[in-house]
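Undergrad: Protein chains in written order, with full-length UniProt numbering: chain A, 1 to 661; chain B, 1 to 214. All C-beta atoms, glycine included, are put in the ideal place defined by N, C-alpha and C. Next up is a structure, given as structure tokens.
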Amino acid sequence: MPGSASSIHRPEGLIERLRSAAADGGDAKLKVLRELKNQIIGNRTKKLSYIKLGAVPFVVSILSSASSTSDSVIVQCAATIGSFACGVDSGVKAVLDAGAFPHLVNLLSHSNEKVVDAGARALKMIYQSKMAPKYDFFQEKNMKFLLSLLDKNNENLIGLGASIIIHSCETNDEQKMLGDAGILKRLINLLEGTTSQRDASLESFATIIKENPQVISEFVGPENGRTWGTLIELTKDRYPRTRLLACMCLILIKNAVPSYLQSVGIRTKLILILLELIDDSGQVGDEALFTLSSFISDEEGLQKLAFEANTIRKLCDHMQKELLQPKRLEGMLMILANLCSNLECCRSVLLQSPKLQTIKIITDALSHTTVEVCVAACICLKNISRSVKYLSAGHFMTEAIIVPLIQLLYDTSTSVQVAALHTISNLVVDFTMHKFIFVQNGGVKHLVELSKSMDSRVRLSAVRALRNLMFLVDSRCKEGIFLELRALSLTSLVSDPSACVQEQALGLICNLINGPVDSIDYVFTEDALLLNAVGRQLWSASKPEVLIQGMYVMCNVASGKEFQREAVMRQILPEASNNDTRSIMVTMLQSDVAQLRTAAVWTIVNLTVPTGAGALARVVKLRNVGIVSQLKNMANDPCMDVKLRVRTALGQTMVFGDFST
Amino acid sequence: MPVRMVESPAPSTSSGANPGQTSLQPCSLLSVGQTFSGTQNVSSPQKEEAWRVNVRIQGCDLNHGYVCGTMEALNVPMADTPVVTFWEGEIVDTKNYTFFTNKWKATPEVDIDHWTKFSSFSPLLSQVEVDGGKSLDLSNYQYLFMRWKEQYFVNVGADCGLTIAGFYYVCFSCVDGSINGYYYDPNSSPFQKLELKTTNEGRSGFSFSSYELQ
């Protein structure tokens, strides 16, 4: 008949025995340590439970009296500590708080190899956590110690050395120091060692060369034939992890020094290897996705190669076949996003697939519970919607896409909000007159709210989205947007502390007053609040992008009625009371930025249209402040667009006779 | 004091390491949102006919020699409503595209037959006959040459009885934004002429709008 479990099998009982063992010693130590280790190995719940019950300090206490205990007890202590530290940050903290670290380091110089191995393994576990103390490479003795770890022909010691590098090497100076101290050389030698040595070496090698062209030029790259050749060879290794790490190293080299890895053959091979590794259902598959994504992220040529390697089809198959883990889904979305960042052919494949299955998966991912997946889905959709061709076909302005995106504007994460705003910015350009779908679903209200955010990134993205929404919008929607936005809010955005926000706000006003001529009235509401704000900005701003947009506002207003042209004249000419008789227009016309000169000349073209009743008076005023003579100086402007508009403007001013004499 | 304008020179032939690789200069009249209107002559030997046409620029990327927009034909006999198509254009910049089409059933002879219809093409003819214009520097030329190819119907089905099989040879004047074009489709009447001018929606001047894709 089974009896009730005795107290010694419960955690509390084991802790009690551990306490006694720590105090009394003897054979009991070994037994209880073994029992504890067997219970916690691979069992996160048990680990956390024993940590809470205070088991770690007892184990460390036994280890601290190592000189008086047998080697097998030491090995059990180190293994138990390593197990507590493995994969659980609170375990690492408990181990460090209990003072295990120096005792474990001492074990590395023990005469018994098994003790050394156990110590090295435990330290490696600690160094795999972010909680581990930073290793100071700038201390000579530390560097010597690290070299000694890599010099021993012991896989655990090499593994520990690699973990220290991966954990603690963060800055360019540290990378350089490790290179100069011979660590990189040693790691390169280890690339020809056992599988575990190779993988450890490749990973720490990647850490040392990451984003450091100097180290790469000095120690690796194609001119260091042996290293380069070894890395290429390792991309064909039989072990998937080794292949992945070798690809990672080559890609890091290429990312830091773009002139390396130019061979189309090797580039294609890397893409094919990574695509094959994606089939690995574990960590290798996940990492392969992000490695491929980073490989193709900045280069259209690589995106084209990846497209030709059938990447989209492969990813779509995965996405349609199985329910993906968040990490995997995020990686796939990021690859699709990068493929669609430049290439129309990639967008076409997704948008022309039967029943738009992949687009539906991407849209569904907008409502995923994981932040990273939501952001990746937004970026993917944003890049797909860079296609004017499909924007024009109205592929995106549907409730199925717009509604979840508007929902994301409520998200508590700023990164999600910004990603959603970027995507919305593209989608609302919509040329199919379906912008009302966005308006009807409450999108404008949220954009206006976010345009008042304290975070300038959010504010900028929201105003940009409003600007794009206002582009070629019909009069009814335009009125709705303006009512929601109000002249006063728009005025504050024009003088926002961020110049980028100012630029977008001015672009928004340009679009607001473009189209039917009565749209210009918007800048004259509330005593021309908006027009005055734009005028002030033209006199005070210095960033050319802001001035260009501000100038185009004036240009658009000057394309309207006589009184509107006169209002523009008042904004651009100096006030009589002002000692400065120089018009801002002369400054703009003399700008080094051709686009600003173009905008300024267009404004003058509109102001001098000869049919207007006040045209002659305006020409006289423009001449009096030196604008006409400045135009004459620009008759041979290096920018053809400017030169042609100057020709038109001068032609118009001369309709009334030449004032030059 | 009046100054003398330096007239734009005829395009030169580039020499050196990068023949014909200069990018075209932007022209504000060919920017997004700009609209044009005019006619397309679709007369046949049996009947004089012209359709009113409106064009709007929706995208322009000079680096890639790309331009796109919509074209609206207003009085198409077999359609109840105006017919809107989306078109994509190749800008002849000698970097991305030359004067030779090399597709859409257009041989170099057909190309030259059409380009020579534009008087502004005359100074270029001899070089184009040699290499399609690959070695020409068009960066300061006041005319842009393009091919516009309609891609799909925006507001009617593909079964509307109309065809978009052909494409337009287009010459755009950077001076005043006027557009001349000739439709080419081996199965349609030859040299259907397209003539467009900038429009300003009741304004007495030019107005601009823009968007910024992320």
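Find the residues of chain A that neighbour T70(B), judging by a C-beta separation of less than 9 Å, and give them in chain order.
TA: Here residue 70(B) refers to the residue found at position 70 of the second sequence. Neighbours of T70(B) on chain A, chain order: S392 and F431.
Undergrad: Hey, would you say V605(A) sits closer than 8 Å to G205(B), going by beta carbons?
TA: By 1-based counting over the first sequence, the position of residue 605(A) is 605. By 1-based counting over the second sequence, the position of residue 205(B) is 205. Contact: yes.
Undergrad: Just how far apart, CA to CA, sit N200(B) and A50(B)?
TA: Within the second sequence, the letter at position 200 stands for residue 200(B). Within the second sequence, the letter at position 50 stands for residue 50(B). Rounded to the nearest angstrom, the two C-alpha atoms are 22 Å apart.
Undergrad: Just mark L488(A) as buried or exposed, buried being the case when its beta carbon has 16 or more other beta carbons within 10 Å.
TA: As a working note, residue 488(A) is residue 488 in the first sequence. Exposed, by the Cβ-count rule.
Undergrad: Give the residues of chain A in contact with G202(B), contact being defined as C-beta atoms less than 8 Å apart.
TA: Here residue 202(B) refers to the residue found at position 202 of the second sequence. Simply P516 and V517.
Undergrad: Are three or more beta carbon pairs between the segment 447 to 462 of chain A and the segment 81 to 99 of chain B nearer than 8 Å?
TA: Not touching, per the Cβ criterion.
Undergrad: Can you list, in chain order, the stretches of the alpha helix (DSSP H) that have 4 or more residues and sit fully within the segment 197 to 258 of chain A?
TA: Taking only runs of at least 4 residues, the alpha helix (DSSP H) segments lying wholly in the segment 197 to 258 of chain A are 213 to 219, 225 to 234 and 240 to 256.
Undergrad: Thinking just about the alpha-carbon of each residue, which of Y410(A), L622(A) and V428(A) is nearest to the one in L381(A)?
TA: For this step, residue 381(A) is matched to residue 381 along the first sequence. Per the Cα distances, V428(A).
Undergrad: Can you name, in chain order, every residue of its own chain whose Cβ lies under 7 Å from the Cβ of P57(A), other than the five neighbours on each side?
TA: Here residue 57(A) refers to the residue found at position 57 of the first sequence. Answer for P57(A): A98, listed in chain order.
Undergrad: How would you label S392(A), buried or exposed, when you count the other beta carbons within 10 angstroms and need 16 or more for buried?
TA: Here the question's residue 392(A) lines up with position 392 in the first sequence. Classification for S392(A): buried.
Undergrad: Closer than 8 Å, CB to CB, is T598(A) near chain B or not?
TA: Position 598 of the first sequence, counted from the first residue, corresponds to residue 598(A). T598(A) counts as touching chain B.
Undergrad: Thinking C-alpha only, which one of L24(B), G202(B) and T163(B) is nearest residue 215(B)?
TA: This structure cannot settle anything about residue 215(B), because the visible part of chain B is limited to 1 through 214.
Undergrad: Quick check on E212(B): does DSSP put it in helix, strand or coil?
TA: Your numbering for residue 212(B) matches position 212 in the second sequence. In this structure, E212(B) counts as coil in the three-state DSSP scheme.
Undergrad: Please compile the residues from chain B whose C-beta is within a distance smaller than 8 Å of the C-beta of R464(A).
TA: Residue numbering aside, residue 464(A) sits at position 464 when the first sequence is read from its first letter. Per Cβ cutoff of 8 Å: E212 and Q214.
Undergrad: Please state whether DSSP places Y143(B) in a helix, a strand or coil.
TA: Here residue 143(B) is taken as the residue at index 143 of the second sequence, counted from 1. DSSP places Y143(B) in strand when its eight states are reduced to three.
Undergrad: Around the Cβ of M71(B), are there at least 16 other Cβ atoms within 10 angstroms (buried) or fewer (exposed)?
TA: As a first step, residue 71(B) is located in the second sequence; it is residue number 71 there, counting from the start. So M71(B) counts as buried.
Undergrad: For the segment 26 to 46 of chain B, list every residue whose C-beta sits within 7 Å of some C-beta in chain A, in sequence order.
TA: Going along the segment 26 to 46 of chain B in chain order, one finds P26, C27, S28 and G33 with a Cβ nearer than 7 Å to chain A.
Undergrad: Relative to the alpha-carbon of T423(A), which residue among A567(A), L190(A), C374(A) and L289(A) has its alpha-carbon at the smallest distance?
TA: In the first sequence, counting from the first residue as 1, residue 423(A) sits at position 423. Among A567(A), L190(A), C374(A) and L289(A), the Cα nearest to that of T423(A) is on C374(A).
Undergrad: Could you give the first and the last residue of the continuous beta strand (DSSP E) run that contains G82(A)?
TA: Numbered from 1 along the first sequence, position 82 holds the residue referred to as residue 82(A). It is not in any beta strand (DSSP E) - G82(A) instead sits in the alpha helix (DSSP H) that spans D71 to A85.
Undergrad: Alpha carbon to alpha carbon, what distance is there between E526(A) and L616(A)?
TA: The residue you call residue 616(A) lines up with position 616 of the first sequence. The residue you call residue 526(A) lines up with position 526 of the first sequence. So the two alpha carbons sit approximately 30 Å from each other.
Undergrad: Between which residues of its own chain and Q34(B) is the CB-CB distance below 6 Å, once the five residues before and five after are set aside?
TA: Here residue 34(B) refers to the residue found at position 34 when the second sequence is read from its first residue. The answer, listed in chain order, is I57.
Undergrad: Could you give the DSSP three-state label for V373(A): helix, strand or coil?
TA: Position 373 of the first sequence, counted from the start, is the residue given in the question as residue 373(A). V373(A) falls in the helix class under three-state DSSP.
Undergrad: Distance cutoff 8 Å, beta carbons only. Does residue 667(A) sit that close to anything in chain B?
TA: This structure does not reach residue 667(A), given that chain A is present from 1 up to 661, and the question cannot be answered.
Undergrad: Taking H318(A) and M332(A) to be in contact with their CB atoms under 8 Å, please state how far apart those CB atoms are, rounded to whole angstroms.
TA: Mapped onto the first sequence, residue 318(A) falls at position 318. Mapped onto the first sequence, residue 332(A) falls at position 332. Their Cβ separation, rounded to whole angstroms, is 6 Å, which keeps H318(A) and M332(A) in contact under 8 Å.
Undergrad: Can a CB atom of chain A be found closer than 8 Å to the CB of G157(B)?
TA: By 1-based counting over the second sequence, the position of residue 157(B) is 157. False, the Cβ-Cβ gap to chain A never drops below 8 Å.
Undergrad: Against chain B, with Cβ distances strictly below 8 Å, would D641(A) count as a contact?
TA: For the purposes of this step, residue 641(A) is taken as the residue at position 641 of the first sequence. So, interface residue.
Undergrad: Tell me the rounded alpha-carbon separation between residue 687(A) and T358(A).
TA: As displayed, chain A neither begins before 1 nor continues past 661, which places residue 687(A) out of reach and without an answer.
Undergrad: As an exercise, report each continuous beta strand (DSSP E) stretch of at least 3 residues that is fully enclosed by the segment 139 to 190 of chain B, in chain order.
TA: Counting only runs of 3 or more, we get 143 to 153, 167 to 173 and 179 to 184.
Undergrad: How close, in whole Å, do the beta carbons of Q142(B) and V175(B) come, if the pair is a contact with beta carbons under 8 Å?
TA: The count along the second sequence starts at 1 and reaches residue 142(B) at position 142. The count along the second sequence starts at 1 and reaches residue 175(B) at position 175. Contact holds; Cβ gap of about 6 Å.
Undergrad: With respect to the beta strand (DSSP E) encompassing K197(B), which residues constitute its N-terminal and C-terminal limits?
TA: Counted from its first residue, the second sequence places residue 197(B) at position 197. Segment Q192 to T198, the beta strand (DSSP E) holding K197(B).
Undergrad: By how many angstroms is the C-alpha of V473(A) removed from the C-alpha of P77(B)?
TA: As a working mapping, residue 77(B) is identified with position 77 in the second sequence. As a working mapping, residue 473(A) is identified with position 473 in the first sequence. So the alpha carbons of these two residues sit roughly 30 Å apart.
Undergrad: Return the first residue and the last residue of the beta strand (DSSP E) that T39(B) is part of.
TA: Residue mapping note: residue 39(B) aligns to position 39 of the second sequence, counting from 1. T35 to N41 is the span of the beta strand (DSSP E), which, as asked, contains T39(B).
Undergrad: Excluding the five sequence neighbours on either side, which residues of its own chain have a C-beta within less than 6 Å of the C-beta of L512(A), listed in chain order?
TA: Numbered from its first residue, the first sequence carries residue 512(A) at position 512. For L512(A), where only same-chain residues beyond five positions count, the Cβ hits under 6 Å are M470 and Y522.
Undergrad: Roughly how far, in whole angstroms, is the beta-carbon of I251(A) from the beta-carbon of L270(A), given that I think they are within contact range, below 8 Å?
TA: In the first sequence, counting from the first residue as 1, residue 251(A) sits at position 251. In the first sequence, counting from the first residue as 1, residue 270(A) sits at position 270. Correct: roughly 7 Å between the Cβ atoms.
Undergrad: DSSP state of D151(A), grouped into three classes?
TA: Position 151 of the first sequence, counted from the first residue, corresponds to residue 151(A). D151(A): helix per DSSP, three-state reduction.
Undergrad: Can you tell me whether DSSP reads G132(B) as helix, strand or coil?
TA: Along the second sequence, one-based indexing puts residue 132(B) at 132. Looking at G132(B) - three-state DSSP - the assignment turns out to be coil, as it is neither helix nor strand.
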